[in-house]
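Novice:
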Amino acid sequence: MKMIEQNSVDIAFSQKAAREITVVMRSKREWYFTFIADDPVTGKPNKYTLLTQRGKLRTWADPKYLFKFLHERGVIYGNFKLNQDEKHETNKYSSNSSP
């Protein structure tokens, strides 16, 4: 899974490139989302999630605000993974660096 900055996430959603959106409950107070989009260079599908400005996984303590964030980007359906966190610390990169 690749972690990308919010501007890249916003582009993926605005271009309708994001699909298979999944909300993951990492713990009771840590929620995040993933989505699949085609890599702009290779065209191959990749799983992405949101990176904070400090270079860490962006999580929400209250899923209500996560759903609000997604709804504001046009998401109207998706999947859930409750207590099934995947390794999220791999393949980190920002939108300004090469994959």
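Counting with the numbering used here, you get residues 274 to 372 for the letters of the sequence shown. We put the CB at the ideal spot given by N, CA and C, even for glycine. On a predicted model such as this, the values are computed, not experimentally measured, just so you know.
1) What does the alpha-carbon distance come out to for the pair PHE398 and GLY328?
2) Is it the case that the stretch 342 to 354 contacts the stretch 311 to 318, given that we only count it when at least three CB pairs across the two stretches are under 8 Å?
3) Using beta-carbon positions only, say whether MET276 and LEU355 come within less than 8 Å of one another.
4) Measuring alpha carbon to alpha carbon, tell me which residue in VAL282, MET274, VAL297, GLU278 is nearest ASP335.
5) Measure the beta-carbon distance from THR322 to TYR305 and round it to whole angstroms, keeping in mind my assumption that it falls under 8 Å.
6) Could you pull the start and end residues of the alpha helix (DSSP H) that VAL282 belongs to?
7) Going by beta-carbon coordinates alone, are ILE294 and GLY351 separated by less than 8 Å?
Specialist: Put simply:
1) Outside the shown range of the chain, which is 274 to 372, sits residue 398, and nothing can be said about it.
2) no
3) no
4) VAL297
5) 6 Å
6) 279 to 287
7) yes
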